[in-house]
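This report refers to the structure that appears directly beneath it.
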Amino acid sequence: MKTTYIPVLFSLLLVLGCTDLDEVLYDKLPESVYPESEAQIASMSVDAYKQLQPLADDQGWWFWAQEVSSDELVFPTRDADWDDGGKWRVMYQHTWNNDVEGVNRMWDKFYSGVTRSNQIIDMLRQLPQSDAIDAKIKEVEVVRSYFFYLIMDNYGDAPYLTTATDVPEQPFKTSRAAIFDSLTATVENNLSALKDIDNKYMATRYFGFALLSKLYLNSEVYTGIAQWDKAGAYADSIINSGLYTLDGTVTGPFVTENQSNSEIIFSIPYDEDDYQGFRIHMRTLHYQSNLTYDMSVGPWNGCAVTYQHFLTYEDNDLRKAAYFLYGPQYDSKGKPIIESVIGAPLNLDPVIPAIRMDATFTPTEIRTTGARIRKYEIKKGAKENLSNDLPLFRLTDFYLIKAECEIRLGNNGDEWINPIRERAGVDGFTDATLDDLLAERGRELFAEGVRRQDLIRFGEFTKVWWAKGDEQGGTSNDPTVKTFPIPKWATDANPNLLLDAE
Amino acid sequence: MMRQAFSIWKAFLLLLLFIPGTAMAQEFTVSGSITDKSTGETLPAVNILIKGTTTGKTSDIDGNYSIIMNQPGTLVFSYVGYQSQEIPVDKTAVINLQLEPIVSALEEVIIIGYGTQKKADKTGAVAHITSEELGGGVLTDAIQGIQSKVAGVLVTKKGGDPNTGFAVKIRGAAGFSSNTQPLYVIDGVPNADPTTVAPEDIESYSILKDAASAAIYGSQGSNGVIIITTKKGLEGKGTLQFNMNFSADRVAKKLDLLNADEIRKYVDDNDLNFSDGGANVDWQDEIYRTGFTQNYNLNYSGGTERSSYYGSVTHSIWEGVMKGTQKDRTIGKVNLMHKALNDKLTLSGSISGTFEDNDYENYDGWDKDDVIYQALSHNPTDPVKNPDGSYYKINRAYNYENPMAVIDGIDNLRSAKRFFGNFKADMEFLPGLTGGINFGYTRDDSESSYFRPKGTIYATADNGFGKKGYDNLQQKLFELTGNYLKSFDKHNLNLMLGYSWQQKNWNGFYAQAENPQSDFLKYNNLGSFIDITSSSISSWAGESRLIGFFGRAQYNFDSRYYLAGSIRRDGSTKFGVNNKWGWFPTVSAGWNIDKEAFMSSVSVISQLKLRVSYGVSGNQNIGEYHSQVVFQPTGVAIDPETGQQVTTFGPAWNENPDLRWERTAETNIGLDFALLKSRISGTIEVYTKETSDLLGEYQVPVPPNLAKTKFANSGNMRNTGIELFIQAFAVDKTNISWKTSLNITHFKTTIGDLGEYVEGEVRRDGYLTGRGLIGDLNYVTGNIENEELGSFYLPKYLGLSSDGYFLYESETGGATRELNKAKRYIVGSPAPNLEIGWSNTVTFFKHFELDLSLRTMIGNDVYNATRMFFDYPGLLPSTNAVPDAIDWKNQGRTQVPAIADIYVEDGSFLRIDYVSLGYNIIPKGKIVRNVKVYVSSNNLLTLTGYSGVDPETTVEGLSFGIDQYNVYPKTRTFNFGVTANF
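Read top to bottom, the protein sequences are chains A and B.
Counting from 1, one number per residue, gives the positions in the first sequence under my numbering.
Counting from 503, one number per residue, gives the positions in the second sequence under my numbering.
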């Protein structure tokens, strides 16, 4: 009798379900539950825009890649600082390879944007279809197109994917020209479904016009065939829409509270606490500049505008003083700042002696040279991240694009350049040439992520300039630098990327 | 009375007459013969000592003895392998003795999974250590006690941080992503934490090394099992024991860096610009100190025929050698056991509570508050303080901070309360048939606090930070077991069946904020902080369960031939829907050769046993929920349509319904031997094991997958090894005895197949990060098919280019500067070829005991990443560097820190783990039974050719053997302690 205790107990256990192995989730949502509500469905597309967040700093590298590879901005190595294994120097001197941080991360984040957009489109297609859902799908397709525009602009040929399911694990590249055609077709097709409003965080119809204008503007670079007329026409659509007007000042679009600025068509909505990722001020300001702005953190004393670019501004150009921080520095109460290592008042000198300054240079040269960038307002009490939105498309850019297209088509572009020049307090051009236009773009659109693209379009990117290709080292006239190589980590995972595009 | 008086007078007279002489009139002779109690044979050379003196004799070849005594006393008869006897004598007499042989070590009972076994009967690879064998030296950790004591068990600790524990690797356990620590079972409760057990409370360790022994724990057993049993109390009147010890720790070795004058000379020699801080500071001396440790333990145990008890309180305070690090711990423990119902029912229970307070410093990386990095790179010309007493701060470079300001100004604390409870009931239903029920419960609650005041610690402006967090972990255990023993004729059978259910629940919470408005309030009033963002609060929770059914059968014939088998069916919530359950069988056999008739004439051999075992065990030590797709918040974004903030969700990882346990199949052959009546005994084991279906986290392409990572089973590894253990009572005389034991281990782990998720034949691991390294190719370990696990896979350094960059040998045979074009090769392996541990216990002059334990590792290579980061001449003169940097500068180097084969060094070492000298006092009174006083030293000496601080790195994971500066220094300890039994 007693021996039956044990088998009875065991069968009791089985009956009682003490073999239950179902996982219970507490702090994550199981696939069966998500999306839980209408609100979560509506917010699905927001994640596509969120993929733009890392692009302004070193997580995504896009902003810095466009600026540092150009002639307008440099990160000199200041003794032990900013060497970082040369990751900034190789970008400036065009000596990168396929395993540099900038090259590695841009590809990663661009394709994160593409993939997330495709996943969202796929999920939206699973839901019961309606006009609203259809409009959402088209909106996300245009966001995806923006990511592909960045991919194509920076890397050239690349895989073109329009869905996230049933895709080969190792896709092949599509040619740059074919991607260009797909993008223009997609955006043009979706224009009518995009909202006809001024919303700076959404892919509105004007975002569509802006993207198309940029695409056609660079069509000669992407496909070999110039399409200036279309670029100009789309720029017109924005200018003549009446929704946007030029700001009366040179600083308006870049202040901390620029979310309602009349010029901005589309921007990334950074916030110092809740949407971090824009911290140009940390990378450019001197270690002690926090005293000037009552900042709660100490900056890192890095990048500066190149002296050659600094010289392109006339002395009375309002932008010179507005965009750059140079000369004697004072704290927020007006007292001069004493440089802690040099022991003398801090004076930022726009002339940079060399791109790599080791201890054979004086501390003054190492620590205080280069005019710093304050185009994006640094508010009093700024923290490590800025709250200024980063404009990706603004009206002024399209004025200059319109001017450029007119000049290239043999017409006069002055009526679109001169408002910009007058606002900046300098005289307008008469019969502006392409060189004038490129220089004006350089002055006006400094530190807005467009310089690299502009230099390539004008055929200037491979020329020699300070510390690149001259006696300080670097390469020049190597046409392959006009696109970045596909990173090694990507080609290792997918060898098909090494084959020529289909 | 009269006789007594007469004796006294006699003694007095004799004393007067023969002052220095012998008291011949009092003299008497004791004589007799001495035989072996079990065999009746006479015993020659038996030691006979007059207690309390050094006078003694030995018995002659026929076993006869005769000893002359001057006064009444006690004769102590001792002979190796036999129990000593003490006989008081006061007059001439013939006393014949029968000495009993000591129960041989093989009769000892060892603890295996879910049961006990006589050592003689074991068929698997099980090592057993009792508390007496742990020897001297100070133990801060229950695991430290077995370091270098067991062949095949590698116990390592990186540095000497009192707040971190030891890493244990049994038989080279390895996996891709899974945890490779063994399973700890404390008083029958699996998954308990060994740091909650005071070393003084431990009775024994049983280490189950091979799959056949460990598989009874099923999917938890593949890394080996360490069973810790605490003291239960013995029958007898209560014994009170008091232990106390004090130690002083000092840093064993500092890193050799430049000093202030050497930097000044460098500046002069190279005509550089440098702003001199004016001081001469050794920053390592600044952040280190002599750490004092105190440890107190009071325990009381005893028992009657039917019950026993053991209670103890332990309190320890460890001051780390790095300023700002400390651990305080108090453990209270009660073990009770009671027999009832005619001794048929045994009830036992154990409760313990541990209270810990930890004070931490960060030293893991190269951030502003990583104290070791800041001290190593800080300029020696910068003074510690300003003349006014505040900390000297200067912004020489990015993240350049005064480590003393960090240590003094930042609070980083944790307080933990841990509870352990266990209750068991075993009932004998019928003769030979017992059943048992076992409940276990553990709970860990910890609270952590962190505060950095605003703007006063760092050289640059800083917003301050405060954080408070709570973590809670509970584990519940319920087990049922049944046992049946039957013997008939010469057949012996032991059957066991069992069921086990375990559940783990955890949850946690933290709140953090920046911009504190009061330094006084610290983290105690986070509401007073200004900057609170959406990422400032967090909470989490999770659960997992493990269920098993198991059975075991052990059979032996005449204690000569053994056969055993077990099987366990385990299920875990972590596995995929298709594979929740798994089978883990084992079979083993043994042959007691010495019991055979043909061996009876070979008297030299007292035991010779051959055993073979084969078993399959599993590993499920990978996080939870990885088999299904789950969505988690990815951050806050602004919804363009509404302009409002929303939380976006994204998939955490891909699903894998096939996710299953990692499987280890092991074959073990062992030979146990004992010679000369167990004077020499030992074990030789040879094993080979294959771990397949390795659990790992892999990056997968997106698309077509939903998320970037996937947890999957893929790949296999092979591990083979030889273990040798010998123990000998080398000298066993009256006045002096010497017990020595040696264990030698050799193992090799080879990668078999890397699996489908790894492209090519090389899996890259050991990625280094630090100042100056760029790109994604800074890995030093290559796990390559058919090569040893953890091999260093590096490019060959050829020399410097004309402008000072490193040149590597390229794929085409030429030279290249670019790491992505360099050809890599296997430079060495961080796993040791041989590990030898040698322990000795010597007792002499009756009262003294000397323990000496040495350990050596041979053939382990180390990648000296500290030298790699600190030999770059560009660091000078603003930040500090190793002296090599000056040589590099003279060679013209401009290369920033880069991976190369020149940084691999041989880390073989010989270390004196501990030396201890103890003195036993046996006081005359009745209250204090005995007192032991000892002095000892841990890590007294290390002999090695390695140029860095410590050649010993934790042997764990897929990449190891990398010495990067972020290691708490190893210490040399001197201790003094007292143990008293009342």
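For each residue, glycine too, the CB sits at the ideal point set by N, CA and C.
Being a predicted model, the structure only gives us computed values, none of them experimental.
> Who are the Cβ neighbours of LYS379 of chain A in its own chain at under 6 angstroms, not counting the five residues just before and after it?
Replying inline: THR256
>> So that I know if they touch, is there some Cβ in chain B lying closer than 7 angstroms to that of THR462 of chain A?
In response: no
> What separation, rounded to the nearest whole angstrom, lies between the Cα atoms of VAL1104 of chain B and LEU1178 of chain B?
Replying inline: 10 angstroms
> Just how far apart, CA to CA, sit GLU705 of chain B and GLY647 of chain B?
Replying inline: 12 angstroms
>> Going by DSSP in three states, ASN1237 of chain B sits in which element: helix, strand or coil?
In response: coil
> Can you name the start and end residues of the alpha helix (DSSP H) that VAL908 of chain B belongs to?
Replying inline: 905-911
> Nearest CA to the CA of MET508 of chain A: which residue from A:ARG457, A:TYR307, A:HIS281 and A:GLU23?
Replying inline: Past the edges of chain A, shown from 1 to 502, lies residue 508 of chain A, and the structure says nothing about it.
>> If I measure Cβ to Cβ from ASP946 of chain B and keep anything under 6 angstroms in the same chain, skipping five residues before and after, which residues do I get?
In response: ARG920 and LEU975
> Where do the N-terminal and C-terminal ends of the beta strand (DSSP E) with GLN743 of chain B fall, by residue?
Replying inline: 738-753
>> So, at 6 angstroms on beta carbons, what are the nonlocal neighbours of GLN506 of chain B in its own chain, with the 5 sequence-adjacent residues on each side left out?
In response: With a pLDDT of 45 at GLN506 of chain B, under the threshold of 50, the modelled position of this residue cannot be trusted, and the question is left open.
> Can VAL1398 of chain B and GLY1274 of chain B be called in contact, C-beta distance under 7 angstroms?
Replying inline: yes
>> I need the straight-line Cα distance from ASN745 of chain B to ASN1156 of chain B, nearest angstrom please.
In response: 54 angstroms
> Which residues, taken in chain order from the region 246-270 of chain A, show a beta carbon closer than 7 angstroms to some beta carbon of chain B?
Replying inline: PRO269
> Taking only beta-carbon atoms, is TYR900 of chain B less than 7 angstroms away from chain A?
Replying inline: yes
>> Can you look up LYS956 of chain B in the DSSP assignment and give me helix, strand or coil?
In response: coil
>> What would DSSP say about GLN1551 of chain B, mapped onto helix, strand or coil?
In response: Because chain B here runs from 503 to 1484, residue 1551 of chain B falls outside it and cannot be looked at.
>> Applying the 10 Å Cβ sphere with the 16-neighbour rule, what's the burial state of ARG898 of chain B?
In response: buried
>> Given this structure, state the Cα-to-Cα distance separating LYS402 of chain A from THR306 of chain A, to the nearest angstrom.
In response: 28 angstroms
> Any beta-carbon of chain B closer than 7 angstroms to the one on CYS303 of chain A?
Replying inline: no
> Whose Cβ in chain A lies nearer than 7 angstroms to the Cβ of LYS1082 of chain B?
Replying inline: LEU21
> Does any residue of chain A bring its CB to less than 7 angstroms from the CB of TRP1003 of chain B?
Replying inline: yes
> So what's GLN308 of chain A in DSSP terms, helix, strand or just coil?
Replying inline: helix
> Given that ASN494 of chain A touches chain B, what residues does it touch there, using C-beta distances under 8 angstroms?
Replying inline: PRO1203
> Below 7 angstroms between beta carbons: does that hold for GLY1117 of chain B and ALA717 of chain B?
Replying inline: yes
> Helix, strand or coil: which one does DSSP assign to GLN66 of chain A?
Replying inline: helix
> Count the other CB atoms within 10 Å of the CB of TYR293 of chain A; is the residue buried (16 or more) or exposed (fewer)?
Replying inline: buried
> Does any CB atom of chain A fall closer than 7 angstroms to the CB of VAL1138 of chain B?
Replying inline: yes
>> At the 7 angstroms Cβ level, is THR362 of chain A part of the contact set with chain B, yes or no?
In response: yes
> Straight-line CA distance for ALA927 of chain B to THR848 of chain B?
Replying inline: 6 angstroms
> Of the choices B:GLY1125, B:ILE1069 and B:GLU821, whose alpha-carbon is the least far from that of PHE1077 of chain B?
Replying inline: B:GLY1125
> What are the boundary residues of the alpha helix (DSSP H) that includes TYR146 of chain A?
Replying inline: 131-155
> Do ASN985 of chain B and THR936 of chain B have their C-beta atoms within less than 7 angstroms of each other?
Replying inline: yes
>> Helix, strand or coil, according to DSSP, for LYS978 of chain B in the structure here?
In response: strand
>> Tell me the DSSP secondary structure of GLY1172 of chain B in three-state form.
In response: strand
> Expressed to the nearest angstrom, what Euclidean distance is found between the alpha-carbon atoms of PHE1086 of chain B and ILE1069 of chain B?
Replying inline: 6 angstroms
> Which partner residues of VAL1132 of chain B appear in the DSSP bridge assignment?
Replying inline: A:PRO30
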